[in-house]
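Engineer:
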Amino acid sequence: MKTNIEFPVIRVTIIAMILIRAFLLTAQHTIIGTTNINAFIKETPGLPATCEEAAIRAYGANPLQPDHVSMDRFYKPFEDKVNNRIKDYQDFAKQKMGQGNASEAAYRQQTEAMVNSNPIIANMGGYEKMSKMSEAEARAAALQATAQYTADPFAASGVQSAGMTALYQKIISDPAYAKKFEKMSEAEKETELRKYMANDKPVAMTPDQMKARETQMATQNRQVELIRNAQEIQLKLSDLMQKVSEVSTSFGQKLQEIEQQGRTHEAISAEVQKRYVAIPMVELGEYGRDHDPEQVGPLRIEEARMQRERAQQELKQNAVALAEVAGRYQIVVSEYLDFVKNNGDKIYGGTSAKDMMEGTNTEQPLVSFEAGLIGIALELSKYSRDLTAIAARWRRIICRPCNRMV
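Have a look at this one:
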């Protein structure tokens, strides 16, 4: 009697091999991609139009009675709004990690033990050794460890198939082939598998063996797919981080250029100092001798005017630069949100900290990165604060001889 039922064997194998898609998070995965980050960036307070407006924003409307919390009253409502949204991400991440009230050290020890129980991680030398590897070293070690672990992926099911093993190892070691295989129709996958199994000896499978093989393949293929997805997402995040860094660096350089170009505040002060030294000394009665106040007073007023004009020029240029950097940040944010929208099936939060420590949790890195993108609005708000304070400082110059605001 013929005991080898070939077609059901192939069918079960194919079903197992196509179960490689990551689980979609439903209700629990609602925070990633749900914030209109660019709206926060657009809402960031810009710079005042004039030094006078800057002084009012910084010190209040009455120059003779400075309000030292005026700046906070202007910026803090927006900054609190952004910080509250960032806190939503932090709370979400903590909840998903399931840390609860455990100490950080105890939680880390527990998760490392869970990770080290994984045979692939164990073959890599354990989590501690793996955490010290470079990205290239970790990738090479993971491939080798996976190959060792899956040298005979069907052994646990009691089924030996050199062809199936060869096909499986081809999938996990060759990303290009894996993507090609994934895009095949089910019939094409069956044909491909038949090619690899052409030289296999007929194998009789019991129902229990078929079930065990399906479970084994589904588990291993899913793990490989999750790792591949995590690598793809990490590469994208690295690229976006680089772009954010480039925008930030170029903005800092632009501000320095504006500060240093043309007739700077320092140059104006040096010019005025030379003129001040040249003013003749006069007798001032009980005050002794000093530079002629009749000439010093107009000089100080002229200096205040020149410094204010310089500050006004810088304020205008800084406002343009701040608007430009906000626009550049929005481009990066849009690229990130488009990536999340088009790769939602690769976002996986796992069911325990083990998934995150093994590197298959893609949700937590995205949560952290997205919160950082929201934080760009805080960075821009801080720039607005600082540049406003500088402009306001130059507006509040007092003419000492006449004791009045100029």
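Just so you know, the sequence shown maps onto residues 4 to 409 in this note's numbering. For each residue, glycine too, the CB sits at the ideal point set by N, CA and C. Just so you know, these numbers come straight off a predicted model, no measurement behind them.
#1: Whole angstroms are fine: how far does the CA of Asn87 sit from the CA of Ile377?
#2: Could you give the first and the last residue of the continuous beta strand (DSSP E) run that contains Asp293?
#3: With DSSP collapsed to three states, give me the class of Ile18.
#4: Going by the DSSP bridge assignment, what does Val285 pair with across the sheet?
#5: Cutting at 8 Å between CB atoms, please list the residues of its own chain near Pro48, excluding the five before and the five after it.
#6: How should Leu238 be labelled, buried or exposed, when 16 other C-beta atoms within 10 angstroms of its C-beta is the threshold for buried?
#7: Under 8 Å, with one C-beta from each stretch per pair, do the stretch 297-306 and the stretch 327-347 reach the 3-pair mark?
#8: How far does the alpha helix (DSSP H) with Lys45 in it extend, from its first residue to its last?
#9: Any chance the stretch 312-322 sits against the stretch 48-57, with 3 or more Cβ pairs inside 8 Å?
#10: Helix, strand or coil: which one does DSSP assign to His268?
#11: What is the DSSP secondary structure of Thr37, counted as helix, strand or coil?
#12: For Thr194, count neighbouring C-beta atoms within 10 Å of its own C-beta (all shown protein chains included) and say buried if the count is 16 or more, exposed if not.
#13: From Met74 to Tyr62, what distance separates their C-alpha atoms?
#14: Helix, strand or coil for Ser188 per DSSP?
#15: Beta-carbon separation of Tyr199 and Ala169 under 7 Å?
#16: Should Val72 be labelled buried (16 or more other beta-carbon atoms within 10 Å of its own) or exposed?
#17: For the pair the stretch 282-292 and the stretch 249-260, tell me if three or more CB-CB distances fall below 8 Å.
#18: Return the chain-ordered list of same chain residues with a C-beta closer than 8 Å to the C-beta of Gln93, the five sequence neighbours on each side being excluded.
#19: Given this structure, state the Cα-to-Cα distance separating Ala322 from Val336, to the nearest angstrom.
#20: Taking the C-alpha atoms as reference points, what is the distance between Phe254 and Glu131?
#21: List the endpoints of the continuous alpha helix (DSSP H) containing Asp389.
#22: Going along the chain, which unbroken runs of the alpha helix (DSSP H) with 4 or more residues stay wholly within the stretch 43-100?
#23: My understanding is that Cys54 touches Ala394, with C-beta atoms under 8 Å, so please give their C-beta distance in whole angstroms.
#24: Which same chain residues, not among the five before or five after Leu240, have their C-beta less than 8 Å away from its C-beta?
#25: Among Gly291, His268, Ile334 and Val343, which one has its Cα closest to the Cα of Glu306?
#26: Between Ile379 and Ile35, which are expected to be in contact by the criterion C-beta below 8 Å, what is the C-beta distance as a whole number of angstroms?
Structural biologist: If we stick to the structure as given:
#1: The count along the sequence shown starts at 1 and reaches residue 377 at position 374. The count along the sequence shown starts at 1 and reaches residue 87 at position 84. Inter-residue distance for Ile377 and Asn87 is about 11 Å (C-alpha atoms, whole angstroms).
#2: In the sequence shown, counting from the first residue as 1, residue 293 sits at position 290. Asp293 -> beta strand (DSSP E) spans Arg292 to His294.
#3: Position 15 of the sequence shown holds residue 18. Any reading at Ile18 is ruled out, since the residue's pLDDT is 32, under 50, leaving its predicted position unreliable.
#4: Within the sequence shown, numbered from 1, the residue matching residue 285 stands at position 282. DSSP, once it has assigned bridges, lists Asp293 as partnering Val285.
#5: Mapped onto the sequence shown, residue 48 falls at position 45. In the same chain as Pro48, and ignoring 5 residues on each side of it, the C-beta atoms closer than 8 Å to its own belong to Phe77, Tyr78, Phe81, Ser384 and Ser387, in chain order.
#6: Along the sequence shown, one-based indexing puts residue 238 at 235. Burial call: exposed.
#7: no
#8: On the sequence shown, position 42 is the one that residue 45 refers to. Ile40 to Glu46 is the extent of the alpha helix (DSSP H) around Lys45.
#9: Flag = yes, the stretch 312-322 and the stretch 48-57 touch.
#10: Start at 1 with the first residue of the sequence shown, and residue 268 comes out as number 265. His268: helix per DSSP, three-state reduction.
#11: Here residue 37 refers to the residue found at position 34 when the sequence shown is read from its first residue. Coil, per DSSP.
#12: On the sequence shown, position 191 is the one that residue 194 refers to. Looking at its Cβ environment, which holds fewer than 16 other Cβ atoms inside 10 Å, Thr194 is exposed.
#13: Walking along the sequence shown from the start, residue 74 turns up at place 71. Walking along the sequence shown from the start, residue 62 turns up at place 59. Cα-Cα distance, rounded: 7 Å.
#14: Mapped onto the sequence shown, residue 188 falls at position 185. Coil.
#15: Along the sequence shown, one-based indexing puts residue 199 at 196. Along the sequence shown, one-based indexing puts residue 169 at 166. The answer is yes: Cβ separation under 7 Å.
#16: Within the sequence shown, residue 72 is the residue found at index 69, counting from 1. By the neighbour-count rule (16 or more Cβ atoms within 10 Å), Val72 is not buried but exposed.
#17: no
#18: The sequence position of residue 93 within the sequence shown is 90, counting from 1. If we look at Gln93 and ignore the five residues flanking it on each side, its Cβ neighbours are Ala374.
#19: Taking the sequence shown and counting its residues from 1, one reaches residue 322 at position 319. Taking the sequence shown and counting its residues from 1, one reaches residue 336 at position 333. Taking the straight line from one Cα to the other gives about 21 Å.
#20: Position 251 of the sequence shown, counted from the first residue, corresponds to residue 254. Position 128 of the sequence shown, counted from the first residue, corresponds to residue 131. If I take the Cα positions, the gap works out to 39 Å.
#21: As a working mapping, residue 389 is identified with position 386 in the sequence shown. Residues Glu366 to Arg398.
#22: 54-62 and 73-100
#23: For the purposes of this step, residue 54 is taken as the residue at position 51 of the sequence shown. For the purposes of this step, residue 394 is taken as the residue at position 391 of the sequence shown. Indeed, because the Cβ distance is near 5 Å, the residues count as touching under 8 Å.
#24: Translated into positions along the sequence shown, residue 240 becomes position 237. Closer than 8 Å at the Cβ level, and outside the excluded window around Leu240, lie Pro368, Leu369 and Phe372.
#25: Here residue 306 refers to the residue found at position 303 when the sequence shown is read from its first residue. Comparing C-alpha distances from Glu306 to each of Gly291, His268, Ile334 and Val343 shows the shortest one belongs to His268.
#26: In the sequence shown, residue 379 corresponds to position 376, counting from 1. In the sequence shown, residue 35 corresponds to position 32, counting from 1. The beta-carbon separation of Ile379 and Ile35, rounded to 17 Å, does not stay under the 8 Å limit for a contact.
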